[in-house]
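J.: Going by full-length UniProt numbering, the residue at position 175 of the sequence shown is 175; the numbering climbs one at a time, nothing skipped.
All residues carry an ideal CB built from backbone N, CA and C; glycine is no exception.
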Amino acid sequence: MTDEIDVTDCTRCPALCDSRSRIVNGVGPTDASLLFVGEAPGRQEDETGEPFVGRSGDVLDEALRDRGLARRDVRITNCVRCRPPDNRDPRAEELANCRPYLDHEIDAIDPEVIVALGKVPSEHLLGRSVAVTAEAGSLHDVSIAGTPRRTLVCVHPAATLYDPGQRETFTAALDAAVEFVDGGDQ
Ligand code: URA
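#1: If you follow the alpha helix (DSSP H) that Cys-98 is in, where does it begin and where does it stop?
#2: Using the three-state DSSP reduction, which class does Val-59 fall into: helix, strand or coil?
#3: Just how far apart, CA to CA, sit Gly-183 and Gly-68?
#4: Quick check on Gln-186: does DSSP put it in helix, strand or coil?
#5: Please state if the CB of Ala-15 and the CB of Pro-85 are separated by a distance shorter than 9 Å.
#6: Could you check the C-alpha separation between Glu-105 and Ile-5 for me, to the nearest Å?
#7: Is Leu-117 close to the ligand FAD? I mean its beta-carbon at under 8 Å from any heavy atom of the ligand.
#8: Pull up the distance between the alpha-carbon of Val-142 and that of Ala-116, whole angstroms please.
#9: Note the first and the last residue of the continuous alpha helix (DSSP H) segment covering Thr-48.
#10: Please list, in chain order, all residues of the same chain as residue 197 whose beta carbon is under 6 Å from its beta carbon, the five residues on each side excluded.
#11: Quick check on this structure: which residue in Cys-79, Glu-168, Ala-158 and Asp-110 has the alpha carbon closest to the alpha carbon of Leu-126?
#12: Is the segment 128–135 touching the segment 47–56, taking contact as three or more C-beta pairs under 8 Å?
#13: Let's see if you can read the secondary structure: which residues bound the beta strand (DSSP E) around Val-53?
Below, the structure written as structure tokens:
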């Protein structure tokens with residue numbers, strides 16, 4: 001592992017090497033207070049090389065705007081950096097293979113709060129099963145690569161597209177993250 005946050009080449013996951021067009025690294029300032037962690041790139045992210053640029057990204061951007069934030073104010077990344085075939089969930093070994101890159105990025109950014117977007121990132125970071133809707137907005141001290149990190153469970157933005165009832169749960173969790181950062185309540 002180099003000091004670089006961006007991964008320029010990786011062949012750890014044979015299936016993902018076949019399915020990806022490119023590696024999708026995190027974007028945003030390297031001193032961001034808020035770090036959003038999604039699951040994996042989808043089709044548009046794979047095409048553009050940027051996380052959360054599809055419909056989920058629109059939901060996230062709008063929610064940030066509503067809170068006086070722009071996309072360029074926050075850091076956005078994923079648990080795995082390559083698009084899985086047919087957008088299936090990343091497999092346990094793929095999450096494990098990509099984990100050192102995520103840990104390195106978290107270490108370099110040193111965010112005040114990590115927002116886990118959806119079930120896969122929440123379970124990956126908390127290391128246990130998570131009932132996302134029930135636990136959305138909850139903050140946890142999680143040891144990541146030996147450092148305690150404040151991690152907030154949040155509904156995935158895509159869930160609000162399939163189930164508009166999830167919208168309030170999503171925005172309330174974002175409010176909790178922003179309040180935590182603004183309040184500096186550490
Ligand atoms: N969903 C994710 O979890 N990550 C992306 O980058 C896009 C959609």
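T.: According to the structure shown:
#1: Per DSSP, Cys-98 belongs to the alpha helix (DSSP H) from 92–109.
#2: Secondary structure of Val-59 (DSSP, three-state): helix.
#3: Answer to the nearest angstrom: the Cα atoms are 15 Å apart.
#4: Here Gln-186 scores only 44 on pLDDT, less than 50, and its place in the model should not be relied on; the value that follows carries that caveat. In the three-state DSSP reduction, Gln-186 falls in the coil class, being neither helix nor strand.
#5: The answer is yes: Cβ separation under 9 Å.
#6: Distance between the alpha carbons of Glu-105 and Ile-5 is about 6 Å.
#7: Ligands present in the displayed structure are limited to the ligand URA, and the ligand FAD is not among them.
#8: Between the alpha carbons of Val-142 and Ala-116 lies a gap of roughly 12 Å.
#9: Taken as a continuous stretch (DSSP letters only), the alpha helix (DSSP H) holding Thr-48 covers 43–48.
#10: Because the chain in this structure spans residues 1 to 186, residue 197 falls outside the shown range and cannot be described.
#11: With respect to the C-alpha of Leu-126, the residue from Cys-79, Glu-168, Ala-158 and Asp-110 having the closest C-alpha is Cys-79.
#12: Here the segment 128–135 makes no contact with the segment 47–56; the two share fewer than three CB pairs at distances below 8 Å.
#13: Taken as a continuous stretch (DSSP letters only), Val-53 belongs to no beta strand (DSSP E), as it is neither H nor E.
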